[in-house]
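**Student:** For reference, the structure I am asking about is given below.
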Amino acid sequence: VTFRTMFRKVVTVQYPYEKQPTAPRFHGRHQLNRWPDGLEKCIGCELCAWACPADAIYVEGASNHDGTGAGSGRFSPGERYGAVYQINYLRCILCGLCIEACPTRALTMTNEYELADSSRADLIYEKQDLLAPLLPGMEKPPHAMRLGDDEVAYYRGAGAGPRQSASEGEVPA
Numbered sequence: 022v023t024f025r026t027m028f029r030k031v032v033t034v035q036y037p038y039e040k041q042p043t044a045p046r047f048h049g050r051h052q053l054n055r056w057p058d059g060l061e062k063c064i065g066c067e068l069c070a071w072a073c074p075a076d077a078i079y080v081e082g083a084s085n086h087d088g089t090g091a092g093s094g095r096f097s098p099g100e101r102y103g104a105v106y107q108i109n110y111l112r113c114i115l116c117g118l119c120i121e122a123c124p125t126r127a128l129t130m131t132n133e134y135e136l137a138d139s140s141r142a143d144l145i146y147e148k149q150d151l152l153a154p155l156l157p158g159m160e161k162p163p164h165a166m167r168l169g170d171d172e173v174a175y176y177r178g179a180g181a182g183p184r185q186s187a188s189e190g191e192v193p194a
């Protein structure tokens, strides 16, 4: 050890007791996002699965139903939603191509990097593991769309949401 290295700042972090913060653009674990009223953004188009070079994503789309009964209800604002969504982290290379392919920005990557597990089965994340948590003011799906009367108004954010009046939700011309 040379004399000048004795006075340098220590860069060693005592992981896992101390965790070094990640950069804001760090690509970690995936997350399925929600609309402000709690409905899922995923429309079950399977474009993320097609874009994945490691074939780590499996999606099954299903139709939304506004009726009542078993298996009916609205999970996303469109005609379809992702009924089954799985990401196999044994295969995933965290490249982010699935994020770029998603047309609704339903899939994003978080800063979570601790994905190791002692069981191989626990590294296959299901939809409930990937969904973003419900924030205050959100309803658990399935439920009817709250923003606007149709899909166009919903995606533009026009209309009365669960926490805003009709005058606040109007889109200026």
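Using our numbering, the letters of the sequence shown correspond one by one to residues 22 to 194. Beta carbons: idealized from backbone N, C-alpha and C, even for Gly.
Tell me which same chain residues have a C-beta within less than 7 Å of the C-beta of R101, skipping the five on either side of it?
**Tutor:** Cβ neighbours of R101 beyond the five flanking positions: I64, G65, G82, A83, S84 and N85.
**Student:** Nearest-angstrom Cα distance between Q35 and M27?
**Tutor:** Straight-line Cα distance between these residues: approximately 19 Å.
**Student:** Assuming A56 contacts P124 under a Cβ cut-off of 8 Å, what Cβ separation, rounded to an integer in Å, is found between them?
**Tutor:** Here the sequence assigns Trp to residue 56, which means Ala is not the residue at that position. Their Cβ separation, rounded to whole angstroms, is 14 Å, which puts W56 and P124 out of contact at 8 Å.
**Student:** With respect to the beta strand (DSSP E) encompassing I120, which residues constitute its N-terminal and C-terminal limits?
**Tutor:** No beta strand (DSSP E) holds I120; the alpha helix (DSSP H) holding it covers L118 to A122.
**Student:** What does the alpha-carbon distance come out to for the pair R112 and G59?
**Tutor:** So the two alpha carbons sit approximately 30 Å from each other.
**Student:** With distances taken between CB atoms, is the gap from A137 to I108 smaller than 8 Å?
**Tutor:** No, they are not a contact pair.
**Student:** Cα separation between P157 and Q52?
**Tutor:** Rounded to whole angstroms, P157 to Q52 spans 18 Å at the Cα level.
**Student:** Would F96 be called buried (16 or more neighbouring beta carbons within 10 Å of its own) or exposed?
**Tutor:** Buried, since its Cβ has 16 or more Cβ neighbours within 10 Å.
**Student:** Pop quiz: P103 and K148 are said to be a contact at Cβ under 8 Å. What is the actual Cβ separation, rounded to whole angstroms?
**Tutor:** The amino acid at residue 103 is misidentified as Pro; the sequence shows Gly. Between K148 and G103 the Cβ distance is about 7 Å, and since that is below 8 Å, they are a contact.
**Student:** Nearest CA to the CA of M159: which residue from N54, K30, P37 and P42?
**Tutor:** With distances taken between Cα atoms, M159 lies closest to N54.
**Student:** Between which two residues does the alpha helix (DSSP H) harbouring G142 extend?
**Tutor:** In the sequence on display, residue 142 carries Ala and not Gly. That residue, A142, is in no alpha helix (DSSP H); it is neither H nor E in DSSP.
**Student:** What does the alpha-carbon distance come out to for the pair L151 and A165?
**Tutor:** If you take the alpha carbons of L151 and A165, they lie about 22 Å apart.
**Student:** Would you mind reading off the limits of the alpha helix (DSSP H) that contains A70?
**Tutor:** It spans L68 to A72 - the alpha helix (DSSP H) in which A70 sits, taken as one unbroken run.
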